[in-house]
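One structure is given here, and the rest of the page talks about it.
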Ligand SMILES: NC(=O)c1ccc[n+]([C@@H]2O[C@H](COP(=O)([O-])OP(=O)(O)OC[C@H]3O[C@@H](n4cnc5c(N)ncnc54)[C@H](OP(=O)(O)O)[C@@H]3O)[C@@H](O)[C@H]2O)c1
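Numbering (this note's numbering), first residue to last: 8 to 458.
Given below as structure tokens:
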């Protein structure tokens, strides 16, 4: 049985150690995964931020160029409207205008086209990064739409054709060295109008793209904070749970180690009333005197030295305890409390303890107190010191197993009764009788359980 218990406790400790090791691995794993996931998420968000930066700078520049071009085109339209009919007389003005269109409007359109190429690439990269992040929970977001940008690119291509047509028509007008028909001036006005409209569309498109990526950036910033918060929360939970498991397993290990260090538990623990009585059944005189007891013999000749070795917990009534305080602890000279075992004193009053002694005060029904005593005794016996009424309460509760009575060779006539209970059917079972000198007859009884 003992070997089986020890093996089971070793097994439980090994299991607890395994749980601790797994929990610690879990903690390290959780920290590692947290680190990797955080790095990956930050990289994803970083890539989007860079892409958004490129897009924003590119479309801002295109917006700026389109605005400048529109101003220029409007001025050109005004000039053509004013001086176009007298082309010959105003040929220096038209020449200058044609030159300006050559040197600024056309290159600006080309510049806008060039600027949009990396913007488009960045839009694609941002779209891919957003798709990757979309695979994470809470991050479903839409990538910026490329349609508006594609439309802008188309407009710019049309613009290129329009500016070429404008420049060609203007150059022909300058070169013909004569006044031109009003229909030609109107056609030029139509072309500038068309260019202005297309530039307006380019501006509107790039502004829409800019607004979209700005909104995306704001949303992703918020989501980044939320995601990092969730990561940290998960890390906290996945650290606290293993920490709790480690704590409980340490408690389990310490419990089993403590139980293995204890002496073997006896399964036959008994509750015994061990006392001395006069021949006529009194354990003390009416005034609690024991003066009749001590001259009858030496306690070392009785079974007491053997008996006390097997005692793990002690119970006594308030008067017995007060007798011991008066005649032992507070005697002159004072003596030490005689028991190393925990002692429960039954009383309804607040009595003083004894420094250095394990004394616990109890009241009420004896059963719950007996359970505490049995647990503390850990397989050893429970000794009911007395008096008789307290021993009777243990008998009433069916908790008394044995009686040891040193019957002294005296009668007292009256006093505190040995056991004020009627124990008739079944009667006590006499287990042994032993003579201790001329002063005592030691009787050992078993209390037969009542059915
Ligand atoms: N001959 C021997 O070997 C021997 C052995 C033991 C004792 N004695 C002597 O016998 C005398 C004591 O006799 P006794 O019958 O008066 O006994 P006792 O059991 O020592 O004291 C009885 C008192 O214990 C308290 N008590 C008992 N049961 C309780 C419960 N369930 N809950 C709360 N308090 C409870 C009550 O005290 P409160 O008033 O505080 O509530 C009660 O008045 C003492 O002089 C003692 O020295 C002799």
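Glycine included, every Cβ here is placed at the ideal spot set by N, Cα and C.
Whole-angstrom distance between residue j and residue i, CA atom to CA atom
i           : j           : result
residue 131 : residue 158 : 15 Å
residue 325 : residue 16  : 41 Å
residue 323 : residue 399 : 12 Å
residue 141 : residue 217 : 22 Å
residue 135 : residue 52  : 12 Å
residue 298 : residue 395 : 18 Å
residue 378 : residue 45  : 56 Å
residue 212 : residue 220 : 12 Å
residue 227 : residue 266 : 58 Å
residue 352 : residue 368 : 5 Å
residue 316 : residue 449 : 18 Å
residue 252 : residue 263 : 16 Å
residue 236 : residue 360 : 57 Å
residue 344 : residue 310 : 21 Å
residue 199 : residue 231 : 47 Å
residue 203 : residue 103 : 20 Å
residue 275 : residue 371 : 26 Å
residue 259 : residue 20  : 7 Å
residue 451 : residue 376 : 25 Å
residue 50  : residue 71  : 32 Å
residue 26  : residue 12  : 21 Å
residue 380 : residue 407 : 13 Å
residue 82  : residue 225 : 39 Å
residue 243 : residue 229 : 21 Å
residue 356 : residue 32  : 56 Å
residue 340 : residue 14  : 52 Å
residue 18  : residue 268 : 16 Å
Cβ shell of residue i (< 6 Å), same chain only, five flanking positions each side left out
i           : result
residue 8   : The pLDDT assigned to residue 8 is 48, lower than 50, so where the model puts this residue is not dependable, and the model offers no usable value.
residue 409 : 277, 279 and 453
residue 245 : 37
residue 201 : 169
residue 433 : 455
residue 7   : Residue 7 falls outside the range modelled here, since the chain spans only 8 to 458, and no answer is possible.
residue 482 : The first residue shown for the chain is 8 and the last is 458, placing residue 482 beyond what the model contains.
residue 308 : 443
Integer Cβ distance of residue i from residue j, believed to fall under 8 Å
i           : j           : result
residue 210 : residue 74  : 6 Å
residue 101 : residue 116 : Rounded, the Cβ-Cβ distance is 21 Å, inconsistent with contact.
residue 255 : residue 425 : Wrong, their Cβ atoms sit about 50 Å apart, outside the cutoff.
residue 285 : residue 397 : That pair is no contact at about 19 Å.
residue 126 : residue 156 : 7 Å
residue 206 : residue 76  : 5 Å
residue 354 : residue 366 : The pair is not a contact, with the Cβ atoms about 11 Å apart (cut-off 8 Å).
residue 392 : residue 327 : 6 Å
residue 385 : residue 318 : That belief does not hold up - the Cβ atoms of residue 385 and residue 318 are roughly 12 Å apart, past 8 Å.
residue 415 : residue 300 : 6 Å
residue 108 : residue 174 : 5 Å
Closest residue to residue i among the options (Cα-Cα distance)
i           : options               : result
residue 121 : 80, 96, 66 and 136    : 66
residue 43  : 297, 238 and 428      : 238
residue 382 : 348, 21 and 254       : 348
residue 413 : 289, 338 and 252      : 289
residue 296 : 439, 458, 333 and 370 : 333
residue 462 : 54, 336, 12 and 108   : There is simply no residue 462 to check, as the chain begins at 8 and stops at 458 in what is shown.
residue 172 : 275, 113, 308 and 124 : 113
residue 208 : 166, 260 and 31       : 166
residue 28  : 249, 385 and 405      : 249
residue 1   : 222, 427 and 268      : The question about residue 1 has no answer here: the residues shown for the chain are numbered 8 through 458.
residue 241 : 34, 380, 457 and 13   : 34
residue 313 : 411, 160, 300 and 18  : 411
residue 429 : 174, 50, 440 and 457  : 457
residue 161 : 336, 340 and 124      : 124
residue 30  : 436, 356, 268 and 247 : 247
residue 358 : 339, 340, 329 and 308 : 329
Close-in-space but distant-in-sequence residues of the same chain around residue i (CB under 7 Å, 5 per side omitted)
i           : result
residue 111 : 79
residue 196 : 84, 87 and 88
residue 346 : 321
residue 97  : 90
Contact set for residue i: own chain, Cβ-Cβ below 8 Å, skip 5 residues either direction
i           : result
residue 422 : 285, 289, 290, 291, 292 and 293
residue 215 : 155
residue 364 : 344, 346 and 350
residue 24  : 256 and 260
residue 440 : 448, 449, 450 and 451
residue 342 : 335 and 336
Cutoff 8 Å: residue i Cβ touching any chain C Cβ
i           : result
residue 348 : You won't find chain C in this structure, because it holds only one protein chain.
*asked:* Can you confirm whether the stretch 116 to 132 touches the stretch 58 to 77 when touching is taken to mean that 3 or more C-beta pairs between the two stretches lie within less than 8 Å?
replied: yes
_Under 8 Å: do the stretch 441 to 450 and the stretch 297 to 315 share three or more Cβ pairs, one atom per stretch?_
yes
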